[in-house]
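Enquirer: Quick one: this structure, given as structure tokens, is what I'll be asking you about.
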Amino acid sequence: MASLPGESPLRGKYGEPPEYVAQWLLPVGAVVLGVVLLVMGEGAAGLMLLAGGGGVGFWFSRLSSAAEAARERWARSLYCRQCPATFLREDAVTV
Numbered sequence: 002m003a004s005l006p007g008e009s010p011l012r013g014k015y016g017e018p019p020e021y022v023a024q025w026l027l028p029v030g031a032v033v034l035g036v037v038l039l040v041m042g043e044g045a046a047g048l049m050l051l052a053g054g055g056g057v058g059f060w061f062s063r064l065s066s067a068a069e070a071a072r073e074r075w076a077r078s079l080y081c082r083q084c085p086a087t088f089l090r091e092d093a094v095t096v
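For the sequence shown, the working numbering begins at 2 and goes up steadily by one.
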């Protein structure tokens, strides 16, 4: 797929998927603040921040792994100029 020129109209359809960069500052900050609040005796607020930070962190990790899997699939895929279609290298059949 690296041979597809940048000005090609098919670049949006067959181009490289965007990289997902997770911003870990928000969930880590929420977890740290939750721990601080738990230590200070604010149990309900601390637990809510711990659960929220953990949930957002889990959500970010799922988004990041899905984007990475899409990029790996794109890197292994080939483009047929006659069909046009994309397929994985391991599914390729020579004619």
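For every residue, glycine included, the Cβ atom is placed at its ideal position computed from N, Cα and C.
So the candidates are Trp60, Phe61 and Ala31; which of them puts its Cα closest to the Cα of Gly47?
Expert: It is Ala31.
Enquirer: Between the stretch 26-45 and the stretch 83-95, do at least 3 Cβ pairs fall closer than 8 angstroms?
Expert: Cβ pair count under 8 angstroms is below three, so no.
Enquirer: Return yes when the Cβ of Tyr21 is within less than 8 angstroms of the Cβ of Leu64, no when it is not.
Expert: Yes, Cβ-Cβ distance for Leu64 and Tyr21 is below 8 angstroms.
Enquirer: So which of Ala67, Leu51 and Glu17 has the shortest CA-CA distance to Leu79?
Expert: Here the closest residue by C-alpha is Glu17.
Enquirer: Mapping the DSSP letters down to three states, classify Tyr80 as helix, strand or coil.
Expert: Note: Tyr80 maps to strand in three-state DSSP.
Enquirer: Which full runs of the beta strand (DSSP E) of 3+ residues lie inside the stretch 31-91, going along the chain?
Expert: Listed in chain order, the complete beta strand (DSSP E) runs (minimum 3 residues) inside the stretch 31-91 are 78-81 and 86-89.
Enquirer: Count the other CB atoms within 10 Å of the CB of Leu26; is the residue buried (16 or more) or exposed (fewer)?
Expert: Exposed is the call here.
Enquirer: Near Val94, what residues of its chain come up, given a Cβ to Cβ distance below 6 angstroms and the 5 sequence neighbours on each side ignored?
Expert: Here the set comprises nothing.
Enquirer: Throw me the rounded Cβ distance for the Gly54 and Gly35 pair, which I believe falls under 8 angstroms.
Expert: Rounded, the Cβ-Cβ distance is 6 angstroms, consistent with contact.
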